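Below you'll find the structure, written out as structure tokens, and then a few comments.
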Amino acid sequence: MIFVSFGNTLFVVCRCLFSAEGSYVIQLFWLILSMVDELGLGEFPSGRHQSLESFTKNTIMKGKQFLSISIILMIVSLDLAAQQARKPNILFIAVDDLKPIMGCYGNKLIKTPNIDRLARMGTMFSNNYCQQSVCGPTRASVMTGMRPDYTKVWDLKTQMRDINPDILTLPQYLISQGYNTVGTGKIFHPSSAIKKIDPVSWNLPYMEAEATDYANGLGKPANNQYQKPENKAMFIVKKERMQRDNDDEMPTSIKGPSTENYDVPDHAYEDGVITIKAKEQMVKMHKDDKPFFLAVGYHKPHLPFVAPKKYWDLYNRVDMPLANFVEHANNAPEIAYHRSGELRNYTDIPAFATFNEPGNYIRLKTEKQQELIHGYYAAVSYLDAQVGILLNTLDSLGTLNNTIIVLWGDHGWHLGDHDLWEKHTNLEQATRAPLIIAAPGMKPGPTKSLSEHLDIFPTICDLAEVPVPTHLQGKSLKPVMLNKKATVNEFAMSQYPRRISKEEMKKKNYTSNAMMGYSMRTDKYRFTIWMNDFTSSTPFSENKVYASELYDFVADPLEKRNVIDEKAYAKDALALRKQMIAFFKSQEKK
Ligand SMILES: [Ca+2]
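Numbering-wise (our numbering), the sequence shown opens with residue 88 and increments by one.
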């Protein structure tokens, strides 16, 4: 802090001295001192004047010394002044459906050398949670710093400016703070942003992948995913049939297989293309007077698990680890789970689970599970290689250590645990999401301190030394970056909406089938409360409580047992419930 203040003061002094007026002042001051010295005005004959003479000589000498030191300081601090004048650049890497599975998070099998390198440079938040484990809502929260109950984006249909037309996004704010902002790839979920990208967030043209950008003349992948000829052909047939029959029964979103392993270069797929664009843009913006905020939104490892063959070749299929616990938790309400509908949309996935009766699971075959896990790992390694290209670019520009680099995955993923695939739950595997932040002057290292995606917006502002907007609902994590043991959050809050059946609604005497589960993660527990026809901006009412869950991560890290009804936990459950109700109260619209 003292250093920063000193640096600022020095910068101001230097700017004054280096201005045209400043240099005249120096010259004039120097001339007067020299004349006084030369003319001997400081010489006095004797006695009582002796001390005055020595005082004057001393003053002249000190004046000259002061000017000499000032000139040296000016030269020495030129570099510092230049750095002070320009805010740090920000590289903002968003990754779709990346769970914290990288080497730096403790996985010994996966190959993620580049993200591991970033983790060694920065702070790795190992207990970071998303606001809602699905693209649209979680991204709206990251980009605006506001909870889903404020943005009202709880699904993949709502556009965030429909309800809050003036909501402020992070890049939009940074434009007002002197930044150039530019994006490529998936930053907002397309359905929740105007023109898919929220144009007011960017003051430089958004960089789209064009057909000619793809390797080997392959053109755009079919459905933005597939390059293998047989998979591409599948889409041509489907499209022709749709156009010919105007078939109402055809799904609007047509899908192909859940994986693709094809021997092509990285830029045969979109993530490789946007990396090239981001790299070129960084080189260009590096020399601008304005600092940049460059947002790069990677699509992988989102389904389908598509990656060039060389990344599949990093792994042996038989080594792919199946989930350890594949049941629903004991005593857990069914509303906590789903039927993996997103995965079942893919053409090679059979209907595999009913979930109507506990234990009645018709699971994916082991081989298919291992293929999916292999595909996920390959897609993560492919993504990791892209991150490596971005880091190397900064390195070659000599700015790797002067750039704020933020990497986040929009939410977690169930890789078969609890008999679940995808996200869409309030459980640990779907809500826990990667967050790594490297910034100049911050010590590297991991932290277990709790954080939320909401904290990203204020943290970036704090690190870039721009004012943190006061309306934001998250907190700056800079104190944690300075001291890995510091705590800024007592809990992290996630939520997920569901609908119950008409029969269940009738049985409960509800007038709506809309449900919202709020899930509070503390250091030790996850406490989840499922509410009927309720959001936190309205007053809490006991008769809206539908079900509750409590998991003890010290005794049960895999969430095998809902202990909400167990006597030994009664006291803690009550305290957490009170904390949850206090949270609701804090969110109520006044
Ligand atoms: Ca996602």
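C-beta: ideal position from N, C-alpha, C; glycine also.
In this text the structure is predicted, and so the values were computed from the model without any measurement.
Selection from the options that minimises the alpha carbon distance to residue i
| i | options | result |
| --- | --- | --- |
| K195 | D406, S278 and N600 | D406 |
| P566 | M603, A526 and I587 | A526 |
| Q312 | K283, E347 and G193 | E347 |
| G561 | F578, L409 and G223 | F578 |
| K594 | Y633, S345 and A206 | Y633 |
| A206 | G532, M667, G528 and T574 | G532 |
| N310 | A298, K342 and N303 | K342 |
| E297 | A355, D482 and S536 | A355 |
| R204 | Q582, M321, G190 and T546 | G190 |
| K658 | D643, F614 and F670 | F614 |
| N576 | N176, Y216, V393 and I180 | Y216 |
| K244 | E629, R234, G223 and D506 | G223 |
| Y638 | I188, Y612 and Q457 | Y612 |
Spatial distance of residue i from residue j (CA atoms)
| i | j | result |
| --- | --- | --- |
| H276 | V221 | 10 Å |
| L484 | V370 | 7 Å |
| Q137 | L569 | Low local confidence applies: a pLDDT of 49 at Q137 is under 50, so the model's placement there is unreliable, with the coordinate-based value given in what follows. In a straight line, the C-alpha of Q137 is about 57 Å away from that of L569. |
| D253 | T268 | 18 Å |
| A419 | L459 | 27 Å |
| N333 | I323 | Residue confidence is low: N333 scores 48 on pLDDT, short of 50, so the model does not pin down where it sits. Its coordinate-derived value is still stated next. Spanning the two alpha carbons is a distance of roughly 15 Å. |
| F627 | H415 | 29 Å |
| K571 | L257 | 25 Å |
| I523 | D350 | 31 Å |
| P308 | Y398 | 18 Å |
| Y656 | S468 | 41 Å |
| L645 | D376 | 50 Å |
| E295 | K631 | 46 Å |
| V413 | T534 | 29 Å |
| V641 | R585 | 28 Å |
| G739 | S263 | Any answer about residue 739 is impossible in this case: the structure gives the chain only from 88 up to 677. |
| D435 | G209 | 40 Å |
| A401 | K174 | It is Leu, not Ala, that sits at residue 401 in the sequence shown. When rounded, the distance between both Cα atoms is 40 Å. |
| D353 | W617 | 43 Å |
| Y301 | P316 | 15 Å |
| V383 | E653 | 46 Å |
| M603 | G428 | 19 Å |
| R608 | M580 | 6 Å |
| K319 | L305 | 11 Å |
| H386 | V182 | 6 Å |
| A227 | N488 | 29 Å |
| R431 | T622 | 30 Å |
| W500 | W508 | 7 Å |
| Q674 | I202 | 36 Å |
| G359 | F392 | 15 Å |
| M211 | L381 | 20 Å |
| I651 | S213 | 26 Å |
| N251 | D242 | 15 Å |
Nearest-angstrom beta carbon gap, residue j and residue i [assumed within contact, 8 Å]
| i | j | result |
| --- | --- | --- |
| I363 | G272 | About 12 Å; that fails the 8 Å criterion. |
| M247 | S279 | 5 Å |
| E539 | Q219 | With a Cβ gap of about 11 Å, E539 and Q219 do not count as contacting. |
| H498 | A472 | 22 Å between Cβ atoms; not a contact. |
| V474 | I547 | Actually they are not in contact, since the Cβ atoms of V474 and I547 sit about 18 Å apart, beyond 8 Å. |
| L255 | P556 | 7 Å |
| Y597 | D620 | 7 Å |
| Y293 | I281 | With 8 Å as the limit, Y293 and I281 do not qualify as a contact, their Cβ atoms being about 12 Å apart. |
Local Cβ density within 10 Å of residue i, reported as buried at 16 or more and exposed below that
| i | result |
| --- | --- |
| E357 | buried |
| P378 | buried |
| S588 | exposed |
| E454 | exposed |
| S624 | exposed |
| L409 | exposed |
| F142 | With a pLDDT of only 49 at F142, under the threshold of 50, the placement of this residue in the model should not be trusted, and no figure is reported. |
| G265 | exposed |
| E636 | buried |
| D249 | exposed |
| L478 | buried |
| P286 | exposed |
| I422 | buried |
| N411 | exposed |
| N513 | buried |
| S599 | exposed |
| F671 | buried |
| A169 | Here the model assigns A169 a pLDDT of 49, short of 50, so the residue's position is not dependable and the matter cannot be decided. |
| R450 | exposed |
Near ligand 2: residue i beta-carbon under 6 Å from a heavy atom
| i | result |
| --- | --- |
| R613 | For ligand 2, the structure offers nothing, since it holds only ligand 1. |
Pocket of ligand 1 (residues with CB nearer than 5 Å to any heavy atom), chain order: D183, D184, C222 and D497
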